[in-house]
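Peer 1:
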Amino acid sequence: MPVEVQERSQLATELLERIGQTVGQRAQVSSIFGEPVERDAVTVIPVAKARFGFGGGGGGGSREGDEGSGGGGGGGVIVSPVGYIEVRDHGAEFKRISTPKDLLALIVAASAAAFAVKHLLD
-12 MPVEVQERSQ LATELLERIG QTVGQRAQVS SIFGEPVERD AVTVIPVAKA RFGFGGGGGG
48 GSREGDEGSG GGGGGGVIVS PVGYIEVRDH GAEFKRISTP KDLLALIVAA SAAAFAVKHL
108 LD
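Mapping of the sequence shown onto the working numbering: position 21 corresponds to residue 8, and the numbering continues sequentially without gaps.
Here it is as structure tokens:
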């Protein structure tokens, strides 16, 4: 592999690593939803789901006379609440946060199961 291509590849790798580190540092549950809260002998700890995505690319002049080259990259994260952990003296319990999507998925699954049972009994 030519030295110039290796250098570009190394620069792209370093760029993506920096993007990953930056996004990862900012995607902590505490920075999105806050620190655990403690009141009246109960501690509530937020729980979230995080999804990451990264991309990058680069290119250079491959034809004779092309002098420029370019590249770029980016990344992102989506963090959504899932629930919370309620810690008391006698133990801890996870409590899920339900959304309209959860209810819709439950209705679809129940309908599919009822349809399957109906056809099995016919």
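Think of the CB as a built atom: it goes at the ideal place given N, C-alpha and C, for glycine as much as any other residue. Model, not experiment: these values are computed from the prediction.
(1) If you drop the 5 nearest sequence neighbours on each side, which residues of the same chain put their C-beta closer than 7 Å to that of G21?
(2) Please name the residue or residues paired with A37 in a DSSP beta bridge.
(3) If you pair each beta-carbon of the region 21 to 30 with each one of the region -6 to 11, do three or more pairs fall below 8 Å?
(4) Leaving out five residues before and five after R38 in sequence, what residues of the same chain have Cβ atoms less than 6 Å from its Cβ?
(5) Going by DSSP in three states, T9 sits in which element: helix, strand or coil?
(6) Give me the residue from E4, Q12 and P68 with the minimum Cα distance to T86.
(7) Return the first residue and the last residue of the beta strand (DSSP E) that A79 is part of.
(8) Looking only at its chain, what residues have a beta carbon closer than 7 Å to the beta carbon of A100, apart from the 5 residues adjacent to it on each side?
Peer 2: Reading off the structure:
(1) A distance below 7 Å between beta-carbons, with the five flanking residues on each side excluded, links G21 to the following residues of its chain, in chain order: P33.
(2) Under DSSP, A37 shares a beta bridge with V66.
(3) Too few Cβ pairs lie closer than 8 Å, so no.
(4) Here the set comprises I65.
(5) Under the three-state reduction of DSSP output, T9 falls in the helix class.
(6) Cα-wise, what sits closest to T86 is P68.
(7) That run of the beta strand (DSSP E) goes G78 to R83.
(8) No residues qualify anywhere along the chain.
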